[in-house]
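Asks: Per this note's numbering, residue 1 is the first one in the sequence shown, and the count goes up by one each step.
We put the CB at the ideal spot given by N, CA and C, even for glycine.
On a predicted model such as this, the values are computed, not experimentally measured, just so you know.
Okay, handing you the structure first.
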Amino acid sequence: QVQLVESGGGLVQAGGSLRLSCAASGSIFTINTMGWYRQAPGKQRELVATITSGGSTNFADSVKGRFTISRDNAKNTVYLQMMSLKPEDTGVYYCNAVVVLAHKYDYWGQGTQVTVSS
C-alpha cells in the first residue's frame with residue numbers, strides 16, 4: 001500500500017506560479033512512476049506530467065515548457081512546478097503513484113485545488 005498526500009494548491013493570477021508537492025509513504029520502495037493528473041469541472045481527468053524512478057519525464061502538450069516535474073527520492077516526494085499559469089490550468093490536481101509487481105496498481109492522493117484567475 002502507498003499513501004499520497006498533496007499540498008501546494010491555491011488561487012493564483014494568470015501568469016503566476018505555483019508548486020505542488022506530493023509526499024508518499026507506505027511501500028514506497030515498490031513505486032515505479034509518479035505523476036500528476038488534473039480534472040477540470042465537467043471534464044475527464046487528464047495526465048499532466050509523470051516521472052519514472054529513473055528520472056524520465058513525460059508532459060502533456062498543453063503544459064510543455066511551462067511545467068516541470070521532479071522527484072526527491074530521499075524525501076519520497078514529487079514536485080510539480082507550474083509557471084506561466086493560464087485559466088485553463090484550473091482544476092483539481094491529483095498525485096498518482098504506479099506500482100508494478102505481479103499486477104499494476106494505481107494509487108491516488110486526495111487532490112488539491114488549483115484556480116487560475118484571468
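Rounded to whole angstroms, how far is the Cβ of residue 66 from the Cβ of residue 34, which I believe are closer than 8 Å?
Replies: Rounded, the Cβ-Cβ distance is 19 Å, inconsistent with contact.
Asks: Leaving out the 5 sequence neighbours to the left and right, which residues in its chain are closer than 6 Å to residue 39 when beta-carbon positions are compared?
Replies: Answer for residue 39: 45, 91 and 92, listed in chain order.
Asks: What residue from 10, 106 and 110 has the CA that sits closest to residue 30's CA?
Replies: Considering only alpha carbons, the answer is 106.
Asks: On a Cα-Cα basis, can you pick out the residue from 110, 86 and 111 that is closest to residue 117?
Replies: Comparing Cα-Cα distances from residue 117 to each of 110, 86 and 111, the minimum goes to 86.
Asks: Provide the residue span of the beta strand (DSSP E) that contains residue 104, from first to last.
Replies: Run containing residue 104: 104-108, per the beta strand (DSSP E) assignment.
Asks: When the Cα of residue 50 is compared with those of 88, 22 and 11, which residue comes out closest?
Replies: Nearest option by C-alpha distance: 22.
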